Ligand SMILES: [Fe+2]
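Numbering (this note's numbering), first residue to last: 38 to 415.
Printed below as a string of structure tokens:
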């Protein structure tokens with residue numbers, strides 16, 4: 038094993054376990070919050086009531102934003118930031134999928150900084166720390182509870198961009214598997230595959246190290262075993278818990294080693310055509326891996342052998358991955374997503390702008406390589 042120098046970053050406090058949502062009120066008090074701004078997915082009616090009861094019991098003031106139905110635009114980020122600031126909220130909670138968590142993270146820094154989401158999209162552009170943030174994921178996939186990123190769609194430009202700042206790391210994450218039980222089959226599949234992409238991309242990343250490789254291997258093993266169970270038996274709390282944990286450790290891999298080309302190639306599918314983040318990643322994953330087998334042969338064989346329980350060459354692993362995704366009803370081709378073939382040139386231009394993951398990738402993809410991947414995936 039190659040010994041590299043590395044540092045390790047992780048959300049300071051993680052509470053994991055069934056029913057752990059009940060500590061929310063105490064946690065807000067511990068973090069000296071007096072009025073909480075809660076961002077929660079629109080569909081999570083009963084979790085919203087549960088949260089209100091917990092906060093009422095602790096006599097905590099709060100304001101709830103529950104209008105989010107899809108991936109957030111910069112306008113939504115700016116609106117919620119202004120609202121939280123004018124209401125003098127001094128702590129933020131994100132409850133839901135990656136979108137709610139990302140909005141909550143942005144609100145936290147918009148309360149204390151005067152700019153807009155657009156001003157801070159990019160790397161290291163946020164001047165001051167935000168208010169405390171508590172992240173409570175109800176999907177097992179995006180890993181936003183551990184990352185320093187909040188992604189927003191710029192509607193005019195039809196692009197997606199992240200605020201990437203150390204001030205976006207949450208102070209606290211509450212991982213309660215019971216909150217993921219209500220997740221429908223489709224999002225269970227595509228958010229679960231997003232987590233798998235975080236794990237495998239961080240695993241093969243140029244920036245991987247022996248710590249990230251070991252947690253990413255574990256995440257992949259757990260997802261391979263538990264995602265089909267959670268998909269077919271949504272009430273299986275053990276599978277849901279394993280998925281939530283695997284998603285979290287995969288995101289620690291992501292934070293410390295970085296995602297690679299799959300995420301770069303998937304971003305424009307979301308920005309231009311509204312393809313859900315996890316669906317785009319899952320669809321593209323086998324085609325991207327196929328395009329760089331010589332560069333990642335050893336790692337693919339190693340993880341393939343682990344997951345299959347028998348000696349597994351990269352090609353076999355990729356075939357099995359395709360079957361795995363078909364069983365989760367992940368679309369196989371871009372044409373199924375009603376993306377016109379003529380758009381490939383524009384999508385490629387968009388992907389090339391997502392430069393950091395491409396730079397982490399073990400193979401340097403040229404523009405033509407990327408066009409070839411999209412064509413094979415079409
Ligand atoms: Fe992702």
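All residues carry an ideal CB built from backbone N, CA and C; glycine is no exception. Remember, it's a predicted structure, so these values are computed and weren't measured experimentally.
CB of residue i to nearest heavy atom of ligand 1: below 7 angstroms?
{"i": "residue 201", "result": "no"}
{"i": "residue 234", "result": "yes"}
{"i": "residue 151", "result": "no"}
{"i": "residue 403", "result": "no"}
{"i": "residue 179", "result": "yes"}
{"i": "residue 318", "result": "yes"}
{"i": "residue 231", "result": "yes"}
DSSP on residue i, reduced to helix/strand/coil?
{"i": "residue 125", "result": "coil"}
{"i": "residue 158", "result": "coil"}
{"i": "residue 185", "result": "coil"}
{"i": "residue 164", "result": "coil"}
{"i": "residue 73", "result": "strand"}
{"i": "residue 169", "result": "strand"}
{"i": "residue 317", "result": "helix"}
{"i": "residue 56", "result": "coil"}
{"i": "residue 217", "result": "helix"}
{"i": "residue 308", "result": "helix"}
{"i": "residue 180", "result": "coil"}
What first and last residue would you give for the beta strand (DSSP E) that runs through residue i?
{"i": "residue 102", "result": "98-102"}
{"i": "residue 212", "result": "209-212"}
{"i": "residue 198", "result": "196-201"}
{"i": "residue 52", "result": "50-53"}
Hey, quick one: how far does the alpha helix (DSSP H) through residue i stretch, first residue to last?
{"i": "residue 374", "result": "Taken as a continuous stretch (DSSP letters only), residue 374 belongs to no alpha helix (DSSP H), as it is neither H nor E."}
{"i": "residue 224", "result": "222-241"}
{"i": "residue 411", "result": "404-414"}
{"i": "residue 401", "result": "Taken as a continuous stretch (DSSP letters only), residue 401 belongs to no alpha helix (DSSP H), as it is neither H nor E."}
{"i": "residue 47", "result": "Element bounds for residue 47: n/a, residue is neither H nor E."}
{"i": "residue 141", "result": "135-149"}
{"i": "residue 362", "result": "351-364"}
{"i": "residue 92", "result": "82-94"}
{"i": "residue 289", "result": "274-294"}
{"i": "residue 68", "result": "Unbroken run through residue 68: none, as it is neither H nor E."}
{"i": "residue 263", "result": "247-269"}
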